[in-house]
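What follows is a single structure, written as structure tokens, with notes after it.
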Amino acid sequence: MIECIFTLDYEIYGNGTGSLNELVYEPTDRLLHVFEKWGARFVNYVEVAEFEQMENAGTDAAIGLVKQQVKDMYRCGYEIALHLHPQWYNARFERGQWELDYTEYNLCTLPQPRIAEIVDRSVNHLHYMVDHPKFSPVSFRAGNWLFQPTRNAALELSRRGLRIDSSVFKGGLQRNHHLDYRPAKKNGYYWPFSSNVNEPDPLGQWLELPIHTEMVPPWKMATSKRMGMGNALGGSRASLHKKVNRALDFMRLGYPLKFDFCRMTLEELTSMMDRVILLDRYDPDTPKPIVAIGHSKDLNDLPTVDSFLSYLRAQDIPVVTFENIFANVPEVTHSH
Numbered sequence: 158m159i160e161c162i163f164t165l166d167y168e169i170y171g172n173g174t175g176s177l178n179e180l181v182y183e184p185t186d187r188l189l190h191v192f193e194k195w196g197a198r199f200v201n202y203v204e205v206a207e208f209e210q211m212e213n214a215g216t217d218a219a220i221g222l223v224k225q226q227v228k229d230m231y232r233c234g235y236e237i238a239l240h241l242h243p244q245w246y247n248a249r250f251e252r253g254q255w256e257l258d259y260t261e262y263n264l265c266t267l268p269q270p271r272i273a274e275i276v277d278r279s280v281n282h283l284h285y286m287v288d289h290p291k292f293s294p295v296s297f298r299a300g301n302w303l304f305q306p307t308r309n310a311a312l313e314l315s316r317r318g319l320r321i322d323s324s325v326f327k328g329g330l331q332r333n334h335h336l337d338y339r340p341a342k343k344n345g346y347y348w349p350f351s352s353n354v355n356e357p358d359p360l361g362q363w364l365e366l367p368i369h370t371e372m373v374p375p376w377k378m379a380t381s382k383r384m385g386m387g388n389a390l391g392g393s394r395a396s397l398h399k400k401v402n403r404a405l406d407f408m409r410l411g412y413p414l415k416f417d418f419c420r421m422t423l424e425e426l427t428s429m430m431d432r433v434i435l436l437d438r439y440d441p442d443t444p445k446p447i448v449a450i451g452h453s454k455d456l457n458d459l460p461t462v463d464s465f466l467s468y469l470r471a472q473d474i475p476v477v478t479f480e481n482i483f484a485n486v487p488e489v490t491h492s493h
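Converting from the sequence shown to our numbering requires adding 157 to each position, the first position being numbered 1.
This is the structure we're talking about:
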């Protein structure tokens, strides 16, 4: 019972640089053509804070294309979901560049009234972008995967109707941001939760569908494709203390390799899924939603995505969205 969920973080670079046309609109347009070819759909995690700020400040003329793309995707059956980097909400555009407010980097550590204000603003703007009266987002992904401490943010998000999170990647550790998803390694393919995303709670209103990971030796992260896309230990502006912490995150026997359809080669993608298929043969009755992640700014190898979708079709593995799965999880949908 394997299902594959492709999720796309739809955004520019995390420091506020980059063009909407080059990093968001055009790569996503190419990805849409690939998915249309296979009659498949993915989850679009729209980073609404940056789009609202860019539109208000008039800093990028391509914002109109982005808004139209989101509307068109919704009407064509793609799931539009909430992605949120709160450091954008107090951002200022000065001397031709964005200055972000890193004191608000982690939504979960803010005072609850501020969390409520940000959640309201983000959900309202996503509704504005979709421009459809019946739209309400079901799923959420935190900026930089920071959904700890969970309680207050989960409470405010659930008040606006969100019920699915996909921020966790099992084994994740970021000392600089006090993120620790190592306890989640003991959990299954998905789990209900309430006040702690690491801890399953049968009565929880939320459902966690984590980004699929495998624990690998750190050197396996250093592929030419992955190293060409970003800096593993953070930018040059990071303090020495933060760089040391980031290095320590890597220096362990097992490091979580995310199921990333932008950064992995076709061989890596199919090998990871082959191992899931092997497990499924021994346990075919357990549902296995396998979440893949990608970023619009990393979408420069569409042939690999096309070939992987072909592989999934040959393996008879359906490509679905969180909305599809949520409708079929009775312990969550029927109890709340």
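Beta carbons: idealized from backbone N, C-alpha and C, even for Gly.
Buried or exposed by the 16-neighbour rule on C-beta atoms within 10 Å, applied to Gly173 | Classification of Gly173: buried, given that the 10 Å Cβ count is 16 or more.
task: Mind reading off the beta-carbon distance from Lys415 to Ile159? Whole number of angstroms is fine, and I expect it under 8 Å.
output: No, Lys415 and Ile159 are not in contact; Cβ-Cβ is about 18 Å, not under 8 Å.
| request: Compare the C-alpha of Glu256 against each of Ala248, Leu456 and Asn263 and name the closest. | output: The shortest Cα separation from Glu256 among Ala248, Leu456 and Asn263 belongs to Ala248.
Looking at the secondary structure, which residues open and close the beta strand (DSSP E) in which Arg198 lies? No beta strand (DSSP E) holds Arg198; DSSP gives it neither H nor E.
Through-space distance from Ser396 to Asn485, alpha-carbon basis: Going by the C-alpha atoms only, they are around 46 Å apart.
With Gln348 and Glu371 assumed to form a contact (beta carbons below 8 Å), what rounded beta-carbon distance in angstroms separates them? Gln is not the amino acid found at residue 348; the sequence shown has Trp there. Not quite, the Cβ-Cβ distance comes to about 19 Å (not below 8 Å), so this is no contact.
Where do the ends of the alpha helix (DSSP H) carrying His284 lie?
-> Residue range Gln269 to Val287 is occupied by the alpha helix (DSSP H) that includes His284.
### Message
Buried or exposed for Lys291, going by 16 or more other Cβ atoms inside 10 Å?
### Response
With fewer than 16 other Cβ atoms inside 10 Å of its own Cβ, Lys291 counts as exposed.
Among the residues of its own chain, which have a CB less than 6 Å from the CB of Lys224, if the five just before and after it don't count? Exclusion of the five residues before and after Lys224 leaves Met286 as the residues of its chain whose Cβ lies within less than 6 Å of its Cβ.
Distance between beta carbons of Phe465 and Phe418, contact taken as under 8 Å: About 6 Å separates the Cβ atoms of Phe418 and Phe465, confirming a contact at the 8 Å cut-off.
Taking 8 Å as the threshold, find out whether the stretch 316-335 comes into contact with the stretch 291-302 through three or more Cβ pairs. Contact between the stretch 316-335 and the stretch 291-302 is present, because at least three Cβ pairs lie under 8 Å.
| task | Decide if Lys260 is buried, meaning its Cβ has at least 16 other Cβ atoms within 10 Å, or exposed. | result | With the sequence shown as reference, residue 260 is identified as Thr, and Lys is not the correct amino acid for it. Under this definition Thr260 is an exposed residue.
For Leu283, which option in Leu436, Leu319 and Thr307 has the closest C-alpha, if you only look at C-alpha atoms? Ranking the options by Cα distance to Leu283, first place goes to Leu319.
Taking just the CA atoms, how far does Ser279 sit from Leu189? Going from the Cα of Leu189 to the Cα of Ser279 covers about 24 Å.
Per-residue burial, Arg198 [other beta carbons within 10 Å of its own, 16 or more giving buried]:
Counting Cβ neighbours within 10 Å, Arg198 comes out buried, since at least 16 surround it.
> Using the rule of at least 16 other Cβ atoms within 10 Å of the residue's Cβ for burial, across every protein chain shown, is Ile169 buried or exposed?
Replying inline: It counts as buried.
Q) Would Ser176 pass as a contact of Ala219 if the rule is Cβ separation under 8 Å? A) Yes, the Cβ-Cβ distance between Ser176 and Ala219 is below 8 Å.
Item to check | Buried versus exposed, by CB contacts within 10 Å (16 or more), Pro460 | outcome: Under the 10 Å beta carbon count, Pro460 is surrounded by fewer than 16 other beta carbons and is classified as exposed.
Under 8 Å, do Asn309 and Gln269 count as touching if we go by C-beta distance? Yes, the pair counts as a contact, with Cβ atoms nearer than the cut-off.
| Tell me, which residues are paired with Leu469 by DSSP? | Residue pairing by DSSP places Leu469 opposite no residue, since no beta bridge is assigned to it.
Integer-rounded CB distance, given that Asn353 should sit under 8 Å from Thr427: Rounded, the Cβ-Cβ distance is 34 Å, inconsistent with contact.
For the beta strand (DSSP E) that contains Glu371, what are its first and last residues? Unbroken beta strand (DSSP E) run through Glu371: Thr370 to Val373.
Taking the Cβ atom as the reference point for each residue, do Leu241 and Ala214 lie within a distance shorter than 8 Å? No, the pair does not count as a contact, with Cβ atoms beyond the cut-off.
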